[in-house]
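In the numbering used here, the protein residues as written are 433 to 659.
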Amino acid sequence: MKSKTFSFPFISLLLLLFVVLSAAKSYDFFYFVQQWPGSYCDTRRGCCYPTTGKPEANFTIHGLWPNYDNGKYPHDCDYENLYDATKIEDLLPEMQTKWPTLACPSADGNKFWAHEWNKHGTCSESILNQYSYFQAGLDLQTKANILSILEDADIRPDGALYSTEHITEVIKEALGVLPSIECNRDESRNPQLFQIYLCVDKLGKDFIDCPFYPKRKCSPEIEFPAF
């Protein structure tokens, strides 16, 4: 029986494919993003409460997103390992509270979580599988209780205006790392506190100094609307 031989171009193609697939699943850090539901809903687009009911008045998770140090990010890394709610059944009650959907039409959250895992989470599966990915997000939200941090500094969701710089300083003092503040605009086009970005290590456990943040601008003073 003749042994099979492979040409150099074929071997080179396999090596290239291996490098591309490996790179697709690598990353340097995470963005952990929390959003204020009052600001999500108080826009011209509006919002819809999930089928489980109105979420609590607290910052909720938007996502845990792998990123590269060079400013780019991986996405949609594994079409063979898509979201499967049966793998995280015991996390779902906590996710409905801490990671709810506010998109319209009203939904139970699975479409939102599927998007987060399929686009972002699959790129971290070399370290975090689907269960540990969502668990990491829930744990980080507990560590970074933004509303409690702000209210301890008398920054409350009461519709008043607050200094963006002061909000940033208060969160940095509490967590030891510099956050990034993202604003959106209400129906009257007034700037308001919308999202808080924090950077997390590759294991999804500890907050770190961020290599960079997306370029976003907020006014010196922003509204913190009620929800």
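Cβ atoms here follow ideal geometry from the backbone N, Cα and C, with glycine treated the same way.
- Here Trp497 is bridged, per DSSP, to Tyr463.
- For Thr529, the closest of Lys486, Asp641 and Phe461 by C-alpha to C-alpha distance is Lys486.
- Annotation for Ser564: the continuous alpha helix (DSSP H) segment containing it runs Gln562 to Lys575.
- Segment contact: the region 495 to 502 against the region 648 to 658, fewer than three CB-CB distances shorter than 8 Å; contact not assigned.
- 8 Å or more divides the Cβ of Tyr563 from the Cβ of Trp549.
- A check of alpha carbon separations from Pro646 across Cys615, Asp633, Gly553 and Ala592 identifies Cys615 as the nearest.
- For Phe626, there is no enclosing alpha helix (DSSP H); the enclosing beta strand (DSSP E) has its first and last residue at Pro623 to Val632.
- Within the DSSP bridge table, the entry for Arg477 names no partner.
- Looking at Phe461, Asn561, Thr484 and Gln567, the one whose alpha-carbon comes closest to that of Leu534 is Thr484.
- By the Cβ neighbour-count rule, Ser612 is buried, with 16 or more other Cβ atoms within 10 Å of its own.
- Listed in chain order, the non-local C-beta contacts of Tyr505 below 7 Å within the same chain comprise Trp497, Pro498 and Asn499, local neighbours out to five positions each way being set aside.
- Nearest to Gly553 by alpha-carbon distance, out of Phe659, Ser651, Phe461 and Arg648, is Phe461.
- A Cβ-Cβ contact shorter than 8 Å links Leu570 with Leu523.
- In this model, Cys479 and Ser471 are separated by some 10 Å (Cα to Cα).
- The three-state reading of DSSP puts Ile559 in coil, since its state is none of H, G, I, E or B.
- Secondary structure note for Ile599: its alpha helix (DSSP H) is the uninterrupted segment Thr596 to Leu607.
- Around the beta carbon of His494, 16 or more other beta carbons lie within 10 angstroms, which makes this residue buried.
- Per the coordinates, the alpha-carbon of Ala489 lies some 27 Å from the alpha-carbon of Ile640.
- For Ser620, no alpha helix (DSSP H) run applies, since DSSP gives it neither H nor E.
- Between the beta-carbon of Ala568 and that of Gly636 there is about 3 Å, and that keeps the pair under the 8 Å contact cut.
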